[in-house]
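Structure first, commentary second.
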Amino acid sequence: MKIMRVLPSMDYGGIERGVYDFSKKAVLLGNEIIIVSGPGRFIPSLLEKGIRWYNLPMDKKNPYIFLKSIYKLGKIIKEEKPDIIHYQSRFPCWIGYFLMKRFPDIPYVTSIHSFSPFPLYSQSEGKGDVVIVVSEALKKYAIKKLKVPEDKIRIIYNGIDIEDFFFKRKIENKNQWKIGMVGRFSVLKGHFYFIEAIENLLKDGIKNIKGLIYGSGSLRLKKKIENLIARKNLNDYVVIIEGKNSKEIMKEIDILVVPSIKPEGFGRVIVEGMVSGIPVIATNIGATSEIIKDNITGFLVNPQNSCEISEKVKKIISDLELYKKISENGQRYAIENFSLEKMVRETLNLYEEVLNTFKNKL
498 MKIMRVLPSM DYGGIERGVY DFSKKAVLLG NEIIIVSGPG RFIPSLLEKG
548 IRWYNLPMDK KNPYIFLKSI YKLGKIIKEE KPDIIHYQSR FPCWIGYFLM
598 KRFPDIPYVT SIHSFSPFPL YSQSEGKGDV VIVVSEALKK YAIKKLKVPE
648 DKIRIIYNGI DIEDFFFKRK IENKNQWKIG MVGRFSVLKG HFYFIEAIEN
698 LLKDGIKNIK GLIYGSGSLR LKKKIENLIA RKNLNDYVVI IEGKNSKEIM
748 KEIDILVVPS IKPEGFGRVI VEGMVSGIPV IATNIGATSE IIKDNITGFL
798 VNPQNSCEIS EKVKKIISDL ELYKKISENG QRYAIENFSL EKMVRETLNL
848 YEEVLNTFKN KL
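Following the working numbering, the numbering of the sequence shown begins with 498 at its first residue and continues without gaps.
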């Protein structure tokens, strides 16, 4: 199959990582992959793997760039003649929608990765011949908010490369429990509740802990987080760490906390933690309950509730058998349901299904 993937950029991010992981596996299975996007840090590695790339930035929102992008992408499609095109993110999906009539013999797929506060602007993500969503929660959102017909929607969970995150953990004779939080500096990620949870544990006399905040992003919010840590006299117990990748992070921590206060379409970091054998405590919003089965493969807590987070941490570190049970259950469940191989296989099968259906209509 000759597959074209169109997205805003190939810099580090959830969508970009998914396209990169898919492409490197799909090309090994004999498929030809063409990526059309703006530049980014994934590009050199893609080129090394024999994946072709067209530089077409699509992360701007002014009308001139939009029209220019339609024209340039049209030329690329005409030249390459892909079997199928897969658009991701709102701006590329709008471009795909306007190009659809020019290329009626090429089916196109769109993806929905997140909940948008502006559904009208995001309706382009539901215009494909088939629409991929990465969770059941997003399927409900697509039907209700974007008015996507249910029979057009397919759920394909994001997958991660199991080999990158499969570790054997040793937790006996722990002198210090490292409790980690991973995510960009955004108020929606719930950093303040993580800090409060660490404070609660210290107030309860649990001193053998270290809160590790991994992230980057808003310098303004980072400063607020640093000020809160200082104001609560937690500098010896909570630190901010920048510049580490997920694989390095998961090797360092013993417990992962995901205190998001806004629903997310999936939860890649949760899956990375589970595959790594780390018990995960996460807020029960968005797609989280599709990944974590409470008290079986991890722990669910209510949003904006630092007390629940600290209680779950206490429960885990006071019972090593529970730690091992949650660790093993979570690891097994994540490997069975969220592997990269499963995601690639399901995506390629869907492309074949769309192509066959499309040919029968012609």
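Backbone N, C-alpha and C fix where the C-beta goes; we use that ideal spot for every residue, glycine too.
- Does the beta-carbon distance from residue 513 to residue 539 come in below 7 Å? Here residue 513 refers to the residue found at position 16 of the sequence shown. Here residue 539 refers to the residue found at position 42 of the sequence shown. Yes, Cβ-Cβ distance for residue 513 and residue 539 is below 7 Å.
- Query: Would DSSP call residue 826 helix, strand or coil?
  - Reply: Walking along the sequence shown from the start, residue 826 turns up at place 329. Of the three classes helix, strand and coil, the one that applies to residue 826 here is helix, per DSSP.
- Inspect the beta-carbon positions of residue 586 and residue 505 and report whether they are closer than 7 Å. As a position in the sequence shown, residue 586 is number 89, starting the count at 1. As a position in the sequence shown, residue 505 is number 8, starting the count at 1. Against a cut-off of 7 Å, the Cβ pair of residue 505 and residue 586 comes out as a contact.
- Taking residue 600 as the reference, which of 584, 618 and 571 has the closest Cα? Taking the first residue of the sequence shown as 1, we reach residue 600 at position 103. Nearest of 584, 618 and 571 to residue 600, Cα basis: 571.
- Is it buried or exposed for residue 690, if we count other Cβ within 10 angstroms and need 16 for buried? For the purposes of this step, residue 690 is identified with residue 193 of the sequence shown, where counting begins at 1. Residue 690 should be labelled buried.
- Proximity to residue 790 [Cα-Cα], best of 808, 807 and 771: In the sequence shown, the residue the question calls residue 790 occupies position 293. Residue 771 is the option with its Cα nearest to residue 790.
- Message: Based on DSSP bridge pairs, tell me the residues matched to residue 548.
- Response: Translated into positions along the sequence shown, residue 548 becomes position 51. DSSP output for residue 548 lists no bridge partner at all.
- Do the region 717-731 and the region 677-685 make contact, defined as three or more Cβ pairs closer than 8 Å? yes
- On the premise that residue 627 lies in contact with residue 847, defined as a C-beta separation below 8 Å, what is that separation, rounded to the nearest angstrom? The residue given as residue 847 occupies position 350 in the sequence shown. The residue given as residue 627 occupies position 130 in the sequence shown. At roughly 7 Å, the Cβ-Cβ gap stays under 8 Å, so residue 847 and residue 627 are in contact.
- Message: Assuming residue 766 is part of the alpha helix (DSSP H), what are its boundary residues?
- Response: Counting from one through the sequence shown, the residue named residue 766 turns up at place 269. Per DSSP, residue 766 belongs to the alpha helix (DSSP H) from 765-772.
- Query: Should residue 804 go down as buried or exposed, given a rule of 16 or more other Cβ atoms within 10 Å for buried?
  - Reply: Your numbering for residue 804 matches position 307 in the sequence shown. Counting Cβ neighbours within 10 Å, residue 804 comes out exposed, since fewer than 16 surround it.
- Message: Just to confirm the assignment, what range does the alpha helix (DSSP H) spanning residue 747 have?
- Response: As a working mapping, residue 747 is identified with position 250 in the sequence shown. Where residue 747 is concerned, the enclosing alpha helix (DSSP H) stretches over 743-749.
- Give the DSSP-derived three-state secondary structure of residue 514 in the structure shown. Looking up residue 514 in the sequence shown gives position 17. Residue state, collapsed to three classes: helix.
- Query: Can you tell me where the beta strand (DSSP E) with residue 501 in it begins and where it stops?
  - Reply: Taking the first residue of the sequence shown as position 1, residue 501 is located at position 4. From DSSP, the beta strand (DSSP E) with residue 501 extends over 499-503.
- Query: So the alpha helix (DSSP H) residue 596 belongs to, where does it begin and stop?
  - Reply: Your numbering for residue 596 matches position 99 in the sequence shown. Per DSSP, residue 596 belongs to the alpha helix (DSSP H) from 587-596.
- Query: Sorted by chain position, which residues of the same chain lie with C-beta nearer than 6 Å to residue 555's C-beta, five sequence neighbours on each side aside?
  - Reply: Indexing the sequence shown from 1 puts residue 555 at position 58. Cβ neighbours of residue 555 beyond the five flanking positions: 505, 566, 588 and 589.
- Task: Taking 8 Å as the threshold, find out whether the region 791-798 comes into contact with the region 808-824 through three or more Cβ pairs.
- Result: yes
- With DSSP run on the structure shown, which of helix, strand or coil describes residue 526? Along the sequence shown, read from residue 1 onward, the residue named residue 526 stands at position 29. It is coil, neither helix nor strand.
- Task: Compare the Cα-Cα distances from residue 836 to each of 849, 615 and 654 and report the closest residue.
- Result: As a first step, residue 836 must be located in the sequence shown, where it is residue number 339. Closest option to residue 836, Cα to Cα, is 654.
- Query: Pairing CB atoms from the region 520-535 with CB atoms from the region 614-630, are three or more of them under 8 Å?
  - Reply: no
- Buried or exposed: where does residue 542 fall if 16 or more other Cβ atoms within 10 Å of its Cβ makes it buried? In the sequence shown, residue 542 corresponds to position 45, counting from 1. Its Cβ having fewer than 16 others within 10 Å, residue 542 is exposed.
- Might you give, ordered along the chain, the residues of its own chain that have their beta carbon closer than 6 Å to the beta carbon of residue 604, omitting 5 neighbours on each side? Mapped onto the sequence shown, residue 604 falls at position 107. Around residue 604: 581, 626, 851 and 855.
- Which residues does DSSP pair with residue 677 in a beta bridge? Here the question's residue 677 lines up with position 180 in the sequence shown. Answer is 709 and 753, bridged to residue 677.
- Query: For residue 635 versus residue 620, is the C-beta spacing smaller than 7 Å?
  - Reply: Here the question's residue 635 lines up with position 138 in the sequence shown. Here the question's residue 620 lines up with position 123 in the sequence shown. Going by C-beta atoms, residue 635 is not nearer than 7 Å to residue 620.
- Query: Hey, is the region 771-789 in contact with the region 696-715, meaning 3+ C-beta pairs nearer than 8 Å?
  - Reply: no
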